[in-house]
Each structure stands twice: as C-alpha cells, then as structure tokens.
Amino acid sequence: MPGAAEPDASINPLILAGRWRVEGRRVALATVIRTWGASPRPVGSMLVADDQGDFAGSVSGGCIESEVVMAAAEAIAANASRILDFGIDNDDAWSAGLTCGGSLQVLVQPVADDAACLSPAIIERCAEALTRREPLGLLTNLVSMRPRLVEWADVESLPEDLRARFTGGRAGLESREQEDWFIQPLRPAPTLAIVGAVHVAQPLARMAAIAGLDVVVIDPRRAFADSDNLRGIDVRGEWPGEALAGLAGGGGIAVATLTHEPRLDDPALSWALTSDDVFYIGALGSRRTHAARLERLREQGFDADQLARIHAPIGLDIKALTPEEIAVSILAELVAVRRGARD
C-alpha cells in the first residue's frame, strides 16, 4: 500500500530521489518555500515522492503530506513544476495533531529532462555532493520554474542578496527584477566527533544520530571501541589527532571529549581549537580536571580566548546524573551553540 516509506532517517530526500530513480521510479521533490504564522516545518524542508504514492521526508507535521504526495504524482504525470498554497486553520490543525494554524507554500518539482523540472543530472550532482559532504546550492526561478545548480566555488559570483542566503545556510525567497527566486543551500549534516567510547558515548551517539548529526566515535583502545553497545555507529580505532584530521567539515564539526585521559583528550582539543570547521568543543571532567587541562593547553601556546571556546564541564547544568541524562545535557548544549542561543 502506498504511503510513507521507511528509508534510513538520515538520508536526504535528494539522495533518496537519486536512488529511487535508479530503481526505475518516477519521482518529484517537494520543498517548503514560504511560511506564515505557525508552521511545523521550516523553509527548506523537503519530501520526495514517487508516482505510486510512496514518500519520505516531511513538509509539515502531517496535515498536508497526503495532498502534497497527490500533487507530486500529478506533477510527475504532467512533467511540470508547480507551487501549492496551504492555509491551515486552527480546527484543521487540531484535527491533524497540531496546536495551531498557519500557512505555507510548497514547490513541487518532478525529476525529468525538461527545463522547468529538476533534471536527473542535477539530482545526481546533489546526491554526489551530499554523500561526499560537499556544500552545494539550488537556485529556482519561480516564474519560469527553471532550477539552476550552484557549485560552491561559484557562490561568490552571485548578487549579494543571493550570495548571503547561500553562505548563511538560510533557505528562502529573494526578489530580483520582479521575479522571485528560491535559494536552497545544500549542506551536509554536522558531524559530532565523540572522543572516548565510554558509557556516556553510547546514549549520546544514538541521540545525536536521531537529531540529524553524523556521528563518529573515536577510541584507539580496543576494549572500548569494540563495544556491542555502539553497534551501528561509525567507530574509529585511530588516535584522535589522526581520526579527526580525516573528517570532512562541510557541515561543521562538534567535538566532545569524554575520556579524562590527557593522551586522548588533549590532542583532540588541540586539533579542535585550530580547526575552522569546528563550531562546538566540549570536554567532560570536573572543574579541577579542567583547570589542569587548561594549563597543559596553555603550555602548548593556546591563549585565553581560544581556551574559552571549550565548554567544560561539558553540557548544560541540568543536574544530570545518569549517562543518558548527561548525554541529553551535552546534546542540548551543542544545539544551543549551533543555533546561536549560547556562545
């Protein structure tokens, strides 16, 4: 029976669109391009659907997905992109499981060899870039419905308002010469590098993956790295300096050191403090442990401003006691820093 598909939740709809096409499916992408009032999903949220009604991703809290999927099938049959307008009043929102109403616009684009559709070549390039953790962008003229692929090396050549959207990672509309353009920056998910396959790492890795981060656990100690509790997680047995240097930073990197072992934590912190890709650094340990850690890093030449970037003791102060509670506090602090709610 057609309905929501069950792919890996971490797979971007653009990547999935490419996979479905290889399987012989006819597909379309639906993207939220504008919202007013309360909206359960932000601008840039995407859904992929095929002509049989299977879909993955989300453009709302569930109240309009069925209509979007039907519209996608119609767009595929017509080989034409279209914009859908939805106004969700309070009664409809309540029946759909939402708390309040709102309005949104959704751009539906079939994947086809037509100027006003997403071409297979664009889908393939997007999937390739996201898989390789390379930033990329899509620019769609909402009058002609013609999409344009923007390689990151070409972003600087765009007009200032369009360029600011891409570099700031903010999907949205811009008007130029009486035409609306939708800008969709495509960036890989941030990476959380957890140094130390310890008890806190286990729930933290699972929670971070659910939150949409790519998770890597680094620990050269075989007894820790081989833990069954980390099954399904990318666990690397190199020393932290080596493992971290091999990470691609296209989506930004967060580093959490959890071992209390200077031989492991200090090289990771040194690397993080000198990397332009790192947006969050956290270190587990008491204030006394951290004071000793800071002294060692000062001896390596790091100054007060650099050392102030380290969040220690790691995590928000919610009086966490269990490994699961500590993991919640760490992930909450990471999100707060990423979203600009904390330094």
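Residue numbers (our numbering): 38 to 380.
A virtual CB, placed ideally from N, CA and C, is assigned to each residue, including glycine.
- Taken atom to atom, the span from the alpha-carbon of Arg202 to that of Asp191 is near 14 Å.
- The beta carbons of Gly288 and Pro225 sit closer together than 8 Å.
- Between Ala152 and Arg119, the CB-CB gap reaches or exceeds 8 Å.
- Counting along the chain, the unbroken beta strand (DSSP E) around Trp218 starts and ends at 216 to 223.
- Asp256 and Gly233 do touch by the CB rule: their CB atoms are close to 6 Å apart, below 8 Å.
- Within the model, the alpha-carbon separation for Cys154 versus Pro147 is close to 5 Å.
- A direct Cα-to-Cα measurement between Ala108 and Thr68 gives close to 12 Å.
- By the 16-neighbour rule on beta-carbons within 10 angstroms, Leu358 is exposed.
- Between Val237 and Leu295, the CB-CB gap stays under 8 Å.
- Between Asn116 and Ala65, the C-beta spacing is not below 8 Å.
- According to DSSP, Asn178 shares a beta bridge with Trp218.
- From the listed residues Arg185, Thr177, Trp189, Ser181, the smallest Cα separation to Leu167 is found for Trp189.
- Going by C-alpha positions, Arg243 is about 19 Å away from Ile318.
- The alpha-carbon separation between Glu332 and Gly338 amounts to approximately 10 Å.
- Proximity to Arg376 across Ile160, Gln142, Gly206 peaks at Gly206, based on C-alpha coordinates.
- Going by C-alpha positions, Trp276 is about 55 Å away from Gln215.
- Beta bridge pairing from DSSP links His348 with Gly319.
- Note on the segment 268 to 344: whole beta strand (DSSP E) runs with a minimum of 3 residues are 271 to 273, 290 to 294, 315 to 320, in chain order.
- The C-beta distance from His297 to Gly322 rounds to 6 Å, short enough to meet the 8 Å contact threshold.
- The three-state secondary structure of Arg169, taken from DSSP, is coil.
- Only exposed fits Trp73, as fewer than 16 other CB atoms lie within 10 angstroms of its CB.
- In the DSSP assignment, no residue is bridged to Gln89.
- Glu188 carries a strand assignment under DSSP once its states are collapsed to helix, strand and coil.
- Take the alpha-carbon of Arg58 and the one of Trp218: they are about 27 Å apart.
- Scanning the segment 239 to 263 from its first residue to its last, the whole alpha helix (DSSP H) runs of 4-plus residues come out as 259 to 262.
- In this structure, the CA atom of Ala248 is about 13 Å from the CA atom of Ala291.
- For Thr204, the enclosing alpha helix (DSSP H) has its first and last residue at 197 to 205.
- Straight through space, the alpha carbons of Pro222 and Leu306 are spaced by roughly 30 Å.
- In the assembly as shown, Arg330 is a buried residue. Its beta-carbon has 16 or more other beta-carbons within 10 Å.
- In the assembly as shown, Gly94 is a buried residue. Its beta-carbon has 16 or more other beta-carbons within 10 Å.
- Cβ neighbours of Ile355 within its own chain (closer than 6 Å, five residues either side excluded): Ser366.
- When DSSP reads this structure, Arg375 sits in no beta bridge, so it has no partner.
- Counting of Cβ neighbours within 10 angstroms places Glu165 among the exposed residues, the total staying below 16.
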